[in-house]
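Numbering-wise, the numbering used here puts 180 at position 181 of the sequence shown, and it's gapless, one number per residue.
Note that beta-carbon positions come from the ideal geometry of N, C-alpha and C, so glycine has one too.
Below: one structure, written as structure tokens.
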Amino acid sequence: MIRGRGFFVTATDTGVGKTRITAGLARALGNRGYRVGVMKPVQSGHLREDPAGDGMLLKEWSGVSSSIEEVAPYCWPTPVAPGLAAQMAGESLDRSVLLERVEKLAEKWDVLLIEGAGGWFVPMGEGWTIADLAVDIGWPTLIVARPGLGTVNHTALTSLAIRARGLEPAGVILNGLKKGDRAPDLPHNPRLIEEVAKVPVLGAIPWGNERPTAVELKEEFQQDLPIDRLVHLLDDAKNWRGENE
């Protein structure tokens with residue numbers, strides 16, 4: 000387990016909104032007085048300095064002072080799973096070196112939010128996936144999920160997979176709720192997720208500007224995502240075995 004405290008942010012699929020949610024959480028926790036860092040350990044589909052890449056968006060939206068090299072240490076331009084992108088570039092990911100990067104950044108902040116890549120079982124290298132990285136880190140996991148049809152099944156499967164690896168999902172954040180959407184399942188999905196997946200739904204973030212400002216992110220998370228449960232987890236020392244070992 001990595002010493003320090005934070006959350007590992009995963010999702011039910013790629014493109015669900017992990018970057019926006021991670022940055023918004025960083026802003027929200029920062030408003031509570033925490034010094035918050037963010038990290039996207041592996042990125043594929045964009046080079047590190049690409050303004051459209053997750054790393055740069057995460058840095059911009061969260062407002063952290065970390066360099067982009069700290070936020071996004073490993074990047075490849077091919078839009079495939081990180082392990083495959085590295086292989087196609089003639090490179091490979093060293094898991095131990097990656098964990099050293101995570102640990103070094105965790106030492107700098109009160110809270111570190113780590114954004115995964117894609118969903119829970121995205122390949123990272125021969126014989127290991129992003130799930131193995133989350134297990135090595137050992138922190139509670141947040142699941143970002145879509146609000147609409149199919150999300151109950153996808154979220155329950157993701158929760159089951161997380162628990163199978165010995166971790167506990169801390170909660171689910173629904174992202175992309177469109178204004179005026181009257182799909183009949185929408186009002187019921189949070190309750191059904193809690194019943195089926197046995198994971199609390201912490202809130203639902205509405206569909207917003209694709210390039211939100213810091214003010215917009217702050218307003219979204221203040222209005223639509225009570226973070227008291229997350230703050231409780233952060234302040235509960237027994238959840239951070241790394242601090243007590």
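Start and end residues, beta strand (DSSP E) containing residue i
{"i": "Trp75", "result": "Tyr73 to Trp75"}
{"i": "Ser43", "result": "Val41 to Ser43"}
Alpha-carbon to alpha-carbon, residue j and residue i
{"i": "Gly124", "j": "Val96", "result": "13 Å"}
{"i": "Ser66", "j": "Gln42", "result": "15 Å"}
{"i": "Thr140", "j": "Phe7", "result": "5 Å"}
{"i": "Trp127", "j": "Trp206", "result": "33 Å"}
{"i": "Lys17", "j": "Leu156", "result": "18 Å"}
{"i": "Val230", "j": "Trp108", "result": "15 Å"}
{"i": "Val198", "j": "Val171", "result": "7 Å"}
{"i": "Ala196", "j": "Leu24", "result": "22 Å"}
{"i": "Leu92", "j": "Arg31", "result": "35 Å"}
{"i": "Leu83", "j": "Pro40", "result": "15 Å"}
{"i": "His153", "j": "Thr11", "result": "6 Å"}
{"i": "Arg181", "j": "Asn208", "result": "21 Å"}
{"i": "Leu112", "j": "Ala85", "result": "24 Å"}
{"i": "Ile136", "j": "Leu98", "result": "8 Å"}
{"i": "Asp53", "j": "Pro122", "result": "18 Å"}
{"i": "Trp239", "j": "Arg162", "result": "Model confidence at Trp239 stands at a pLDDT of 49, short of 50, so the residue's coordinates are unreliable; what they give is reported in the following sentence. Rounded to whole angstroms, Trp239 to Arg162 spans 17 Å at the Cα level."}
{"i": "Asp227", "j": "Ala105", "result": "22 Å"}
{"i": "Glu218", "j": "Lys58", "result": "18 Å"}
{"i": "Val37", "j": "Glu102", "result": "12 Å"}
{"i": "Pro78", "j": "Pro183", "result": "34 Å"}
{"i": "Glu193", "j": "Glu167", "result": "14 Å"}
{"i": "Ile204", "j": "Arg100", "result": "30 Å"}
{"i": "Asp49", "j": "Glu69", "result": "15 Å"}
{"i": "Arg164", "j": "Leu232", "result": "20 Å"}
For residue i: DSSP bridge partner residues
{"i": "Gly250", "result": "Nothing can be reported for residue 250, as the shown portion of the chain is limited to 0 through 244."}
{"i": "Val110", "result": "Val35"}
{"i": "Ile204", "result": "Asn174"}
{"i": "Val15", "result": "Beta-bridge pairing links Val15 to no other residue."}
{"i": "Thr9", "result": "Ile142"}
Reference residue i; option with closest CA among the options
{"i": "Val143", "options": "Ala213, Glu114 and Asp135", "result": "Glu114"}
{"i": "Pro201", "options": "Glu106, Ala71, Ala169 and Arg181", "result": "In the sequence under discussion, the amino acid at residue 201 is Leu, which differs from the Pro named in the question. If we check each option's Cα against that of Leu201, Ala169 comes out closest."}
{"i": "Lys222", "options": "Ala27, Thr21 and Ala116", "result": "For the record, residue 222 in the displayed sequence is Gln; it is not Lys. Looking at the Cα atoms, Ala27 is the closest of the given residues."}
{"i": "Leu216", "options": "Ala84, Arg19, Arg100 and Gly165", "result": "Arg19"}
{"i": "Ser64", "options": "Trp138, Trp75 and Arg34", "result": "Arg34"}
{"i": "Gly3", "options": "Pro40, Val110 and Ala84", "result": "Val110"}
{"i": "Pro81", "options": "Glu102, Leu132 and Gly36", "result": "Leu132"}
{"i": "Glu90", "options": "Asp227, Pro76 and Pro189", "result": "Pro76"}
{"i": "Tyr73", "options": "His45, Glu59, Thr212 and Ala51", "result": "His45"}
{"i": "Thr150", "options": "Pro225, Leu112 and Leu185", "result": "Leu185"}
{"i": "Asn174", "options": "Gly5, Ile1, Thr13 and Met0", "result": "Thr13"}
{"i": "Lys178", "options": "Glu218, Glu194 and Pro146", "result": "Pro146"}
{"i": "Ala160", "options": "Asp49, Gly36, Met87 and Thr9", "result": "Thr9"}
{"i": "Asp234", "options": "Met55, Gly5 and Ile1", "result": "Gly5"}
{"i": "Ile1", "options": "Pro50, Glu68, Val134 and Gly117", "result": "Val134"}
{"i": "Ser61", "options": "Asp227, Pro225, Leu232 and Phe220", "result": "Phe220"}
{"i": "Val15", "options": "Gly118, Ala51 and Ala88", "result": "Gly118"}
{"i": "His187", "options": "Pro211, Leu148 and Val214", "result": "Leu148"}
Proximity test, residue i beta-carbon vs the ligand MG heavy atom, cut-off 7 Å
{"i": "Gly36", "result": "This structure lacks the ligand MG; in fact it carries no ligand of any kind."}
Residue span of the alpha helix (DSSP H) that contains residue i, given as start and end
{"i": "Gly54", "result": "Asp53 to Ser61"}
{"i": "Ala85", "result": "Pro81 to Met87"}
{"i": "Leu46", "result": "Unbroken run through Leu46: none, as it is neither H nor E."}
{"i": "Ile67", "result": "Ile67 to Val70"}
{"i": "Leu104", "result": "Arg94 to Ala105"}
{"i": "Leu224", "result": "It is not in any alpha helix (DSSP H) - Leu224 carries neither H nor E in the DSSP assignment."}
Minimum Cβ-Cβ distance from residue i to chain D less than 8 Å
{"i": "Asp227", "result": "Judged by its chain identifiers, the structure shown contains no chain D, having just a single protein chain."}
Ranges of the alpha helix (DSSP H) found wholly within the stretch 118 to 201, counting only runs of at least 4: Within the stretch 118 to 201, the complete alpha helix (DSSP H) runs of at least 4 residues are 129 to 136, 150 to 163 and 188 to 196.
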